[in-house]
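Novice: Just passing along the structure, written as C-alpha cells.
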Amino acid sequence: MMLTRFLLEKIDRTGWIFLVLLALAAVMVPVLNLAVPPGSPFHVSNTAVSLWGKYMTYALLALAVDLVWGYCGILSLGHGAFFALGGYAMGMYLMRQIGPRGVYSHPILPDFMVFLNWKELPLTWWGFSSFPYALFMVALVPGLLAFVFGWFAFRSRVTGVYLSIITQALTYALMLAFFRNDMGFGGNNGLTDFKDILGFNIQSQTTRAVLFSLSVVALMIGYLLARAIVTSKAGKILIAVRDAEARTRFLGYRVEHFKLFVWTVSAVMAGIAGALYVPQVGIINPSEFSPANSIETIVWVAVGGRGTLVGAALGAGIVNFAKSWFTGAFPQGWLFALGGLFIVVTLFLPKGILGTFTDWWKRRGETREPPAGKAVGQPAE
Amino acid sequence: MLIDPMDTQLPAEPVKAIERPQIVTQSLLYLDGVSVSFDGFRAINNLSLIIAPGEMRAIIGPNGAGKTTMMDIITGKTKPDTGDVIFAGEVDLTRLDETAIANLGIGCKFQKPTVFESHTVEDNVDMAVKADRTVFGTLFQRRSAEIARRVDEILGIVRLGDHRKRLAGDLSHGQKQWLEIGMLLAQDPKLLLVDEPAAGMTDVETAATADLLKDIAKTHSVVVVEHDMGFIRELGVKVTCLHEGSVLAEGSLDQVSSDERVIEVYLGR
Numbered sequence: 412m413m414l415t416r417f418l419l420e421k422i423d424r425t426g427w428i429f430l431v432l433l434a435l436a437a438v439m440v441p442v443l444n445l446a447v448p449p450g451s452p453f454h455v456s457n458t459a460v461s462l463w464g465k466y467m468t469y470a471l472l473a474l475a476v477d478l479v480w481g482y483c484g485i486l487s488l489g490h491g492a493f494f495a496l497g498g499y500a501m502g503m504y505l506m507r508q509i510g511p512r513g514v515y516s517h518p519i520l521p522d523f524m525v526f527l528n529w530k531e532l533p534l535t536w537w538g539f540s541s542f543p544y545a546l547f548m549v550a551l552v553p554g555l556l557a558f559v560f561g562w563f564a565f566r567s568r569v570t571g572v573y574l575s576i577i578t579q580a581l582t583y584a585l586m587l588a589f590f591r592n593d594m595g596f597g598g599n600n601g602l603t604d605f606k607d608i609l610g611f612n613i614q615s616q617t618t619r620a621v622l623f624s625l626s627v628v629a630l631m632i633g634y635l636l637a638r639a640i641v642t643s644k645a646g647k648i649l650i651a652v653r654d655a656e657a658r659t660r661f662l663g664y665r666v667e668h669f670k671l672f673v674w675t676v677s678a679v680m681a682g683i684a685g686a687l688y689v690p691q692v693g694i695i696n697p698s699e700f701s702p703a704n705s706i707e708t709i710v711w712v713a714v715g716g717r718g719t720l721v722g723a724a725l726g727a728g729i730v731n732f733a734k735s736w737f738t739g740a741f742p743q744g745w746l747f748a749l750g751g752l753f754i755v756v757t758l759f760l761p762k763g764i765l766g767t768f769t770d771w772w773k774r775r776g777e778t779r780e781p782p783a784g785k786a787v788g789q790p791a792e
Numbered sequence: 069m070l071i072d073p074m075d076t077q078l079p080a081e082p083v084k085a086i087e088r089p090q091i092v093t094q095s096l097l098y099l100d101g102v103s104v105s106f107d108g109f110r111a112i113n114n115l116s117l118i119i120a121p122g123e124m125r126a127i128i129g130p131n132g133a134g135k136t137t138m139m140d141i142i143t144g145k146t147k148p149d150t151g152d153v154i155f156a157g158e159v160d161l162t163r164l165d166e167t168a169i170a171n172l173g174i175g176c177k178f179q180k181p182t183v184f185e186s187h188t189v190e191d192n193v194d195m196a197v198k199a200d201r202t203v204f205g206t207l208f209q210r211r212s213a214e215i216a217r218r219v220d221e222i223l224g225i226v227r228l229g230d231h232r233k234r235l236a237g238d239l240s241h242g243q244k245q246w247l248e249i250g251m252l253l254a255q256d257p258k259l260l261l262v263d264e265p266a267a268g269m270t271d272v273e274t275a276a277t278a279d280l281l282k283d284i285a286k287t288h289s290v291v292v293v294e295h296d297m298g299f300i301r302e303l304g305v306k307v308t309c310l311h312e313g314s315v316l317a318e319g320s321l322d323q324v325s326s327d328e329r330v331i332e333v334y335l336g337r
C-alpha cells in the first residue's frame, strides 16, 4: 500500500525509465547468456555478463556518492574505502568457503595464513564461515566506520575541502593498513582463488548470471531507497544543508544529525556494492582502497549529473564503458581521456549528461507549446 | 534511535534560580557585561542590553560598532569571552549552540538574505514551520493540513502567495528579504532578530517592510538592526545606539538623535 503510493508519487519519468530498463536487463541478460546459443546474434557473452555486472556495482557506488555529494554537499573522496570494506567482508566469507581445498589443504586457515605460519584463525575472521554473519558485516563495518568518522567530523563542523581531504586520508590510511601482512587480510595479494558461494560454484556461468541479476536488483533497491530519502522532507533539509548550512542551523535543524544519517546510509550502500563486486571479479586487494578509485567515482557522478541519482548510475556505466574500450584501443591514453572528460564536463556540462539532457528536453517542450497563463514572463528554470 | 546521544546535550539547563534579580527574570533578553575580542580587537566591550517581553527595539550605530557581533552572540554563532546572556529570565545562551537557541524561540534574519534557492518558496516556508525537526521525524513526515494552512497564512502575510511554486533563487532581492521574514515568522519565535531588513529595497518596499515589522511586533518581541534612519522613524520604537562595542545612548529616536555623542560618532554634524 505504502509502496504503491510511494512508487506513484515519488518516482519521476526518468526514474521509471531507469527502473524498467534495469528490470529488463535483470531478466534478459541471463536469458540471452544462458539460453541463447553462442552463435546467435542475440547471445550475450560470458565476458559481457561479468563486465556489466561489475558496472552495476559501480553504479550502486556512484548512487551512494551522489546521495551525499549531490544532495548534501559532502564531497567524499574516500567512498572507495566503504566499497572495499564491504568487498573484504564478502571476500572473507568466500575465503572461508574454500575450506580444505586450498593449496595447503588446511581445514580452516586460508592459504595466506598457513604461508605466514599462523597457527589459529584471528578473531576478526571468526564467524565468516556463516553467510548471514558475513552479510551483516558487509553492512555493519562500513556503516560503523562511517558513523564514527562522521560523528567526529560533522560535530566538529569540518566541511568543504577539509572534509574531502580527510576522507581521502581515511581511504589512504586503510590502504596502507591492509597492505600489511600482519593485519591478517592477505596483505598485498588480498583475497582470491574463491571456489564457491552458498555452495554454488563461483566460476559457473549460472552463478555469474545470478550475481549479475542480484547486482541489478541491488541497484534498483538502492535507487528506490535513495529516492525515498531525497523526496522526503528530510531530503529537502539535506538540500538546504547543501545550499545554506548556517541558515538550516538557525532554523533549528541539527545539521550534523542529517549529515551523519545520510553519510552512514551512503556508506552502507557502498559496502553492499563492494560485496557484490568481489564475487564477480574474483579478487579483492588493498588497491581497491587507492585514493584514485574514490576520485574516479566522483568523475562518474559529475559526468552523469550530480544530484540526479539516475545520472550518477548512468555516469558510472558510460565512463567505465569508455574505459574498457579505451584501455583496449589506446592503453596509454585512458588517464588523459578521463582527465579531459572531467574538464570538459566541468566546463561545458556543469549539470552532467542527464542534467543537461533534462534541461534541453524541458526547453524543447516549452518552445513547442508555449505555457499558458501566468507562467509567461517567468524564467524558464 | 540512531543518533540520540547527541540530543542529550540539547535541553537548555535552566540557570540556578538563586542569584537572579528581578530585572533578569522579567526580561526576555538580558545581556550584561558582555565582551568579545577577535585577535585583540574588542568587537563588543562590556555591553549591557535589556529587551522586555513584547518590546520592539531598533539598534543603530556606525560601521564596526558591534551590531552584527551582538546578533551573533545572541544566536550562538559567537561565544562571548565574558558576560551574561540570559534568555527568558533563565536560560544561559552562552552554553548553547545555534540549533538549540533557534529551538528555544529565537529567530534571526541576517544582513544578506539567505533563503534556500533551489527550493520553491512554499517549501522554504514549509521547512521553517514549527514541526518535528529530527532526522527520523522529517523522514516520515507528510505535510499535514495544519502545516499547509500555516504555510498559506505566512505566504499571505509576506505577500508571496502568487509566487509559491517559484524557486526561491528566482525571486527579486526584496522578495527574498520578505521570504526570509516569512520563514522567521513560521518558526513562531518569541524573539526575532532582524539585521538590516530594508537593505537594497526600494522606498515603497521599505515602507511596506516597516508596516510588516510593526504588525509582527504586535505579537512578538523584535530587535531590528538598521542603518536607514527613515525606516527607524517609520517604526517609531525605542532606539539603542552602539559605538565601539558598547551602548552609547538609549531612548526615543528624537532623544538619541539629539544626543551630542551620537551626533559626534554617527550622525555627523
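Going down the list, the protein sequences come from chains A and B. Mapping to the numbering used here: the first sequence position 180 is 591, numbers consecutive. Mapping to the numbering used here: the second sequence position 134 is 202, numbers consecutive. Think of the CB as a built atom: it goes at the ideal place given N, C-alpha and C, for glycine as much as any other residue.
So, is K773(A) buried or exposed, given that buried needs 16 or more other C-beta atoms within 10 angstroms?
Specialist: Result: exposed.
Novice: How about L587(A) and M467(A): do their beta carbons lie closer than 8 Å?
Specialist: No.
Novice: Pull up the distance between the alpha-carbon of G739(A) and that of A564(A), whole angstroms please.
Specialist: The alpha-carbon atoms of G739(A) and A564(A) are separated by roughly 41 Å.
Novice: Any idea if M439(A) is buried or exposed, counting beta-carbon neighbours within 10 angstroms, 16 or more meaning buried?
Specialist: Looking at its Cβ environment, which holds fewer than 16 other Cβ atoms inside 10 Å, M439(A) is exposed.
Novice: Compare the Cα-Cα distances from D477(A) to each of L622(A), P518(A), A678(A), G693(A) and report the closest residue.
Specialist: The option with the nearest alpha carbon to D477(A) is A678(A).
Novice: What in chain A is Cβ-close to A213(B), meaning under 9 Å?
Specialist: Those do not exist, as A213(B) stays about 15 Å from chain A at its closest Cβ, beyond 9 Å.
Novice: For T136(B), which option in I112(B), G151(B), G205(B), D152(B) has the closest C-alpha, if you only look at C-alpha atoms?
Specialist: Checking every option, the nearest Cα to that of T136(B) belongs to I112(B).
Novice: Examine chain D for any beta-carbon lying closer than 8 Å to the beta-carbon of F417(A), and answer yes or no.
Specialist: This model lacks chain D altogether, as its protein chains are A and B.
Novice: So, at 8 Å on beta carbons, what are the nonlocal neighbours of Q209(B) in its own chain, with the 5 sequence-adjacent residues on each side left out?
Specialist: Hits under 8 Å: A199, D200.
Novice: Whole angstroms are fine: how far does the CA of F539(A) sit from the CA of K147(B)?
Specialist: Rounded to whole angstroms, K147(B) to F539(A) spans 50 Å at the Cα level.
Novice: Would G498(A) and G776(A) qualify as a contact pair, given that the criterion is a beta-carbon distance under 8 Å?
Specialist: Contact: no.
Novice: For S677(A), which three-state DSSP category applies?
Specialist: The answer is helix: DSSP assigns S677(A) an H, G or I state.
Novice: Report yes if the C-beta distance between M195(B) and A651(A) is below 8 Å; otherwise report no.
Specialist: Yes, Cβ-Cβ distance for M195(B) and A651(A) is below 8 Å.
Novice: Under 7 Å between beta-carbons, which chain A residues line up against H241(B)? List them in chain order, please.
Specialist: Here the premise fails: no neighbours, minimum Cβ distance about 15 Å.
Novice: Taking the Cβ atom as the reference point for each residue, do K145(B) and V262(B) lie within a distance shorter than 8 Å?
Specialist: No.
Novice: Please list, in chain order, all residues of the same chain as G134(B) whose beta carbon is under 6 Å from its beta carbon, the five residues on each side excluded.
Specialist: Result list for G134(B): A111, I112, L310, G313, in chain order.
Novice: Classify M586(A) as helix, strand or coil using the three-state DSSP reduction.
Specialist: In this structure, M586(A) counts as helix in the three-state DSSP scheme.
Novice: Which same chain residues, not among the five before or five after P667(A), have their C-beta less than 6 Å away from its C-beta?
Specialist: Strictly speaking, residue 667(A) in this sequence is Glu, with Pro absent from that position. Result list for E667(A): F565, R566, in chain order.
Novice: Does chain A have any CB closer than 8 Å to the CB of E166(B)?
Specialist: For E166(B), the answer is yes, since a Cβ of chain A falls inside 8 Å of its Cβ.
Novice: Go ahead and label G726(A) buried or exposed: buried means 16 or more other beta carbons lie within 10 angstroms of its beta carbon, across all protein chains shown.
Specialist: So G726(A) ends up on the buried side.
Novice: Hey, out of L259(B), M297(B), E158(B), L280(B), whose CA is closest to Q90(B)'s CA?
Specialist: Minimum Cα distance to Q90(B) is reached at E158(B).
Novice: Could you check the C-alpha separation between E318(B) and K306(B) for me, to the nearest Å?
Specialist: In a straight line, the C-alpha of E318(B) is about 7 Å away from that of K306(B).
Novice: Would you tell me roughly how many angstroms separate the C-alpha atoms of A550(A) and L472(A), rounded to the nearest one?
Specialist: Going by the C-alpha atoms only, they are around 14 Å apart.
Novice: Going by CA-CA distance only, name the one from V291(B), I331(B), Q323(B), E328(B) that's closest to I127(B).
Specialist: For I127(B), the nearest C-alpha among the options comes from V291(B).
Novice: For L585(A), which residues in the same chain have their Cβ closer than 7 Å to its Cβ, ignoring the five residues on either side in sequence?
Specialist: Hits under 7 Å: A492, F700.
Novice: A111(B) by DSSP, collapsed to three states: which one?
Specialist: Looking at A111(B) - three-state DSSP - the assignment turns out to be strand.
Novice: Taking C-beta pairs closer than 8 Å, name the residues in chain A that D191(B) reaches, listed in chain order.
Specialist: Neighbours of D191(B) on chain A, chain order: K647.
Novice: Flag this pair as yes or no: are the beta carbons of A637(A) and L474(A) separated by less than 8 Å?
Specialist: Their beta carbons are under 8 Å apart, which means A637(A) touches L474(A) by this criterion.
Novice: State whether the region 154-170 of chain B contacts the region 619-628 of chain A, with contact taken as three or more CB pairs (one from each stretch) at a distance under 8 Å.
Specialist: Contact between the region 154-170 of chain B and the region 619-628 of chain A is absent, because fewer than three Cβ pairs lie under 8 Å.
Novice: With DSSP collapsed to three states, give me the class of Y98(B).
Specialist: Strand.
Novice: With DSSP as the reference, identify every bridge partner of K306(B), one or two as the case may be.
Specialist: Note: K306(B) sits in a beta bridge opposite R125(B).
Novice: Within 8 Å of any Cβ in chain A, is that where the Cβ of V203(B) sits?
Specialist: By this cut-off, V203(B) is an interface position.
Novice: Return no unless some Cβ of chain A is closer than 8 Å to the Cβ of C309(B).
Specialist: So, not an interface residue.
Novice: Please compile the residues from chain A whose C-beta is within a distance smaller than 8 Å of the C-beta of Q255(B).
Specialist: Within 8 Å Cβ-Cβ: L662, G663.
Novice: Note down, one range per segment and in chain order, each alpha helix (DSSP H) of at least 4 residues found wholly within the region 207-290 of chain B.
Specialist: As far as the region 207-290 of chain B is concerned, its whole alpha helix (DSSP H) runs of at least 4 residues are 213-225, 241-254, 271-285.
Novice: Whose C-alpha, out of L207(B), G129(B), A285(B), is nearest the C-alpha of G304(B)?
Specialist: It is A285(B) whose Cα lies nearest to the Cα of G304(B).
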